[in-house]
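Residue numbers (the working numbering), protein chains in the order written: chain A, 1 to 394; chain B, 1 to 394.
So the structure is just underneath, and the comments pick up after that.
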């Protein structure tokens, strides 16, 4: 007499978590220093000093009730305004606090948007490779998830595949740039082509097709790469954002849903997001963290450590013969599995206590993901294993 | 092409929020000091010093990643253990960290439990008066909400009404003691009688009927009143708890779901709660606040201010002729409306900028709720209005 589909997803950990837990067990057996765990995308650099300064000054200087008390469901208006002011400054937009709804991270933001768009027969399209939890967020909240094959070898958007996936039931397309797992940033040209396709399909079907732009890695870029702001390219954009990665506060659960002021039915969409959030028990985002992200809206992460790891791993792996697109953002490498089956390859790697995530749940069973938010010393100890592994296939 | 039921609950604020916003508008017009707002149950005392001390010492003394990083979905095991240790000490239970799943407050905790129990045709029973958001949490997540009439005049459990409401589809009964809005604490005898009834019905229908015990006010009691621990009275109990009121941190969104170790299908129920939480985008509860509630598990609120307000209002209102059960916990008074229609009465009160919540959404249209978490000076200025209002009915 319990809901079996809930129990099933409760029992089945994500493959990433599964691997991470395995790593912990192995560490207990053979020593942490002998496990090379590249599984989790957990920021490995401390939060910038502004974060803890904002926390300390809030609890020391401000009235307790204003720091820890309820805010409106959307969040403290002044703090939301600080976030939109930063976006307006960078992107030349005209967003106000009314466009932003603070959430407990990107995950419930995506769930709320999905529920807001969950009409009968709704479909939501995503291109592989994609963050595996999208499947849970979409399918457990009504819509069907439609998967578009990857665009090899650059992992930009597969426009032909996208067009084939769109139909009159399509309510939204989820995109994620910089991308987890590839680290690819969609170029302005890619986004403009997607926008043109969707606009044409909107006219054909007579209803909006929203882009849900999941952007936890927006600020995590290398070599000053530009991440085009999706609402500036496509009117019907809803941004789901998390401060987890940019401020190294993934445990604090703070993000937002942003309904662009150019969106069709802007107000109704926001009403539905507010209602969906209420239905899943959202009251407000953590109030102290609302203050942190308002005050730190302009703070950018220090990418030095991630960049070092990215280049070390990318250069070494490609020199051994691995195929991998060079990441321009985020903190992952998505690597083609020697032999073509990433599950087989990752099992082989596991025997060496080298933990890499096979790409099946990302929709790319021939690739594996490695996270670059790890200790540089671990990379050095792991590289000989990567080299030996590929040698077996030559 | 948006989900209309989500948009509808997004547009319709709760009657309490509606009144609160009206109060803010009136304050702008006639001055804050001329609005007597008894609408919100928002703690009016600062967080105990231990809360801010825990926050400051965490960000000052601990590693940033351990403070702000992801925890497991259920929460940091050591901090969960601190919470169960406090419960075990007080109630003689044998709970461990495995019984507790930290959530972003009681609201998503209740939603996750409802979704976990949401089988086809499921019904969840609640007795009036009840917290109006239960309707959203239950009906927007599948089950039917079945409402049992109040038990006048003591607002204990209406056992005959409860028995009439139970059937083979009943998955759970939500109880809330100390109660919002009445302030009544269910006695041990009441709970034992409910337990006996449910046990009999479990046998009759051949499946568990869970008590969902919503306990945000557990620590908020007067005159050392005892709040029986529901899992000690009834095996099939799931507790939904929030630290919002006990630690005056309602904006911080930290609470838990506790599946009693005596529950039928204990592990499967927890799996389903974990899965339901995942489906609504739960990743973990705010990590810094997990630390706060672990370290402050034994901290109790200072009830002096609430008690002063409770007694002043109770004594004054009853001396004017109002009928009201004397609250033993929480921070509300639930008062019978002179004339019998609380909407008419509260509209009359509104003309005097006296804001009280009519009981219709609580399932008691002949009562109104006033919150006692207000400034004592406001009470003194409001009392003559209460006195004049009832005089009109004599």
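Glycine is no exception: its CB is placed at the ideal position from the N, C-alpha and C atoms.
Computed from a predicted model, the values in this text were never measured in an experiment.
(1) Look up residue 123 of chain A in the DSSP assignment and say whether it is helix, strand or coil.
(2) Who are residue 369 of chain B's beta bridge partners in DSSP?
(3) Report the three-state DSSP secondary structure of residue 118 of chain B (helix, strand or coil).
(4) Under a three-way DSSP split, which group does residue 258 of chain B fall into?
(5) Who are the near neighbours of residue 115 of chain B in its chain, counting only those whose CB is closer than 6 angstroms to its CB and skipping five residues on each side?
(6) Using a Cβ-Cβ distance cut-off of 8 angstroms, determine whether residue 365 of chain B contacts chain A.
(7) Count the other CB atoms within 10 Å of the CB of residue 153 of chain B; is the residue buried (16 or more) or exposed (fewer)?
(8) Can you list, in chain order, the residues of its chain with a C-beta nearer than 7 angstroms to that of residue 252 of chain B? Leave out the 5 residues immediately preceding and following it.
(9) When the cut-off is 8 angstroms and only beta carbons count, does residue 71 of chain B lie next to chain A?
(10) Could you compute how far the alpha carbon of residue 226 of chain B sits from the alpha carbon of residue 345 of chain B?
(11) Around the Cβ of residue 156 of chain A, are there at least 16 other Cβ atoms within 10 angstroms (buried) or fewer (exposed)?
(12) Using a 10 Å radius around the Cβ and a threshold of 16 neighbouring Cβ atoms, would you call residue 29 of chain B buried or exposed?
(13) Would you identify the three-state DSSP class for residue 246 of chain B, choosing helix, strand or coil?
(14) Would you grab the beta carbon distance between residue 127 of chain B and residue 150 of chain B for me? Rounded to a whole angstrom, and I think it's under 8 angstroms.
(15) 8 angstroms is my cut-off, CB to CB: does residue 297 of chain A come that close to chain B?
(16) If you count every other CB in all the chains shown that lies within 10 Å of the CB of residue 166 of chain B, and 16 or more means buried, which is it?
(17) What separation, rounded to the nearest whole angstrom, lies between the Cα atoms of residue 13 of chain A and residue 145 of chain B?
(18) Please report the straight-line C-alpha distance between residue 381 of chain A and residue 22 of chain A, rounded to a whole angstrom.
(19) Return the first residue and the last residue of the beta strand (DSSP E) that residue 171 of chain A is part of.
(20) Where residue 202 of chain B and residue 258 of chain B are concerned, what is the direct C-alpha to C-alpha distance, given to the nearest angstrom?
(21) Considering Cα atoms alone, identify which of B:339, B:4 and B:333 is closest to residue 392 of chain B.
(22) Under 8 angstroms between C-beta atoms, does residue 253 of chain B make it to chain A?
(23) Does any C-beta atom of chain A lie closer than 8 angstroms to the C-beta of residue 32 of chain B?
(24) Counting only beta-carbon atoms, is residue 141 of chain A nearer than 8 angstroms to chain B?
(25) Distance cutoff 8 angstroms, beta carbons only. Does residue 65 of chain A sit that close to anything in chain B?
(26) As a quick exercise: from A:113, A:359 and A:77, pick the residue whose alpha carbon is nearest that of residue 7 of chain B.
(27) Quick one: residues in its chain with C-beta nearer than 8 angstroms to the C-beta of residue 463 of chain A, no 5 flanking neighbours on either side, listed in chain order?
(28) Short check: CB of residue 109 of chain A to CB of residue 256 of chain A, under 8 angstroms?
(29) Short check: CB of residue 374 of chain B to CB of residue 309 of chain B, under 8 angstroms?
(30) What does the alpha-carbon distance come out to for the pair residue 70 of chain B and residue 120 of chain B?
(31) I'd like the list of long-range same chain contacts for residue 180 of chain A, defined as Cβ closer than 7 angstroms, with 5 residues on each side in sequence excluded.
(32) Please look up how many angstroms separate the CB atoms of residue 106 of chain A and residue 242 of chain A, rounded, as I've assumed it's under 8 angstroms.
(33) With respect to the beta strand (DSSP E) encompassing residue 213 of chain B, which residues constitute its N-terminal and C-terminal limits?
(34) How about residue 230 of chain A and residue 191 of chain A: are their beta carbons less than 8 angstroms apart?
(35) How about residue 281 of chain A: is its C-beta nearer than 8 angstroms to some C-beta of chain B?
(36) Jot down the residue ranges of each uninterrupted alpha helix (DSSP H) in the region 268 to 301 of chain B, minimum 4 residues, whole runs only, in chain order.
In terms of the structure at hand:
(1) Residue 123 of chain A sits in a strand when the DSSP states are folded into three classes.
(2) B:334 and B:357.
(3) Reduced to three states, the DSSP call for residue 118 of chain B is coil.
(4) DSSP places residue 258 of chain B in strand when its eight states are reduced to three.
(5) Setting aside the 5 residues that flank it on each side, residue 115 of chain B is surrounded in the same chain by 141 and 276, each with a C-beta closer than 6 angstroms to its C-beta; the list follows chain order.
(6) False, the Cβ-Cβ gap to chain A never drops below 8 angstroms.
(7) Residue environment analysis places residue 153 of chain B among the exposed positions, since fewer than 16 neighbouring C-beta atoms fall within 10 angstroms of its C-beta.
(8) Once the five neighbours on either side are set aside, the close Cβ partners of residue 252 of chain B are 286 and 289.
(9) So, interface residue.
(10) For residue 226 of chain B and residue 345 of chain B, the distance between alpha carbons rounds to 34 angstroms.
(11) Residue 156 of chain A counts as buried, since no fewer than 16 other beta carbons sit within 10 angstroms of its beta carbon.
(12) Exposed is the call here.
(13) In the structure shown, residue 246 of chain B adopts coil according to DSSP, grouped into three states.
(14) Residue 150 of chain B and residue 127 of chain B do touch by the CB rule: their CB atoms are close to 7 angstroms apart, below 8 angstroms.
(15) Interface annotation, residue 297 of chain A: not in contact with chain B, CB-CB separation never under 8 angstroms.
(16) Here residue 166 of chain B is buried, its C-beta having at least 16 other C-beta atoms within 10 Å.
(17) Going by the C-alpha atoms only, they are around 31 angstroms apart.
(18) Each residue's Cα considered, the two are about 19 angstroms apart.
(19) First-last of the beta strand (DSSP E) with residue 171 of chain A: 170 to 175.
(20) So the two alpha carbons sit approximately 21 angstroms from each other.
(21) Ranking the options by Cα distance to residue 392 of chain B, first place goes to B:339.
(22) It does: the Cβ of residue 253 of chain B has a partner Cβ on chain A nearer than 8 angstroms.
(23) Residue 32 of chain B is outside the set of residues whose beta carbon lies under 8 angstroms from a beta carbon in chain A.
(24) Answer yes: the Cβ-Cβ gap between residue 141 of chain A and chain B drops below 8 angstroms somewhere.
(25) For residue 65 of chain A, the nearest beta carbon of chain B is closer than 8 angstroms to its own beta carbon.
(26) For residue 7 of chain B, the nearest C-alpha among the options comes from A:113.
(27) Outside the shown range of chain A, which is 1 to 394, sits residue 463 of chain A, and nothing can be said about it.
(28) Against a cut-off of 8 angstroms, the Cβ pair of residue 256 of chain A and residue 109 of chain A comes out as a contact.
(29) With contacts defined as CB atoms closer than 8 angstroms, residue 374 of chain B and residue 309 of chain B qualify as a contacting pair.
(30) Taking C-alpha positions only, residue 70 of chain B is separated from residue 120 of chain B by approximately 34 angstroms.
(31) The answer, listed in chain order, is 41, 131, 217, 330 and 332.
(32) The distance from the Cβ of residue 106 of chain A to that of residue 242 of chain A is about 4 angstroms, consistent with a contact at the 8 angstroms cut-off.
(33) Residues 210 to 214.
(34) Yes, the pair counts as a contact, with Cβ atoms nearer than the cut-off.
(35) For residue 281 of chain A, the answer is yes, since a Cβ of chain B falls inside 8 angstroms of its Cβ.
(36) Taking only runs of at least 4 residues, the alpha helix (DSSP H) segments lying wholly in the region 268 to 301 of chain B are 287 to 295.
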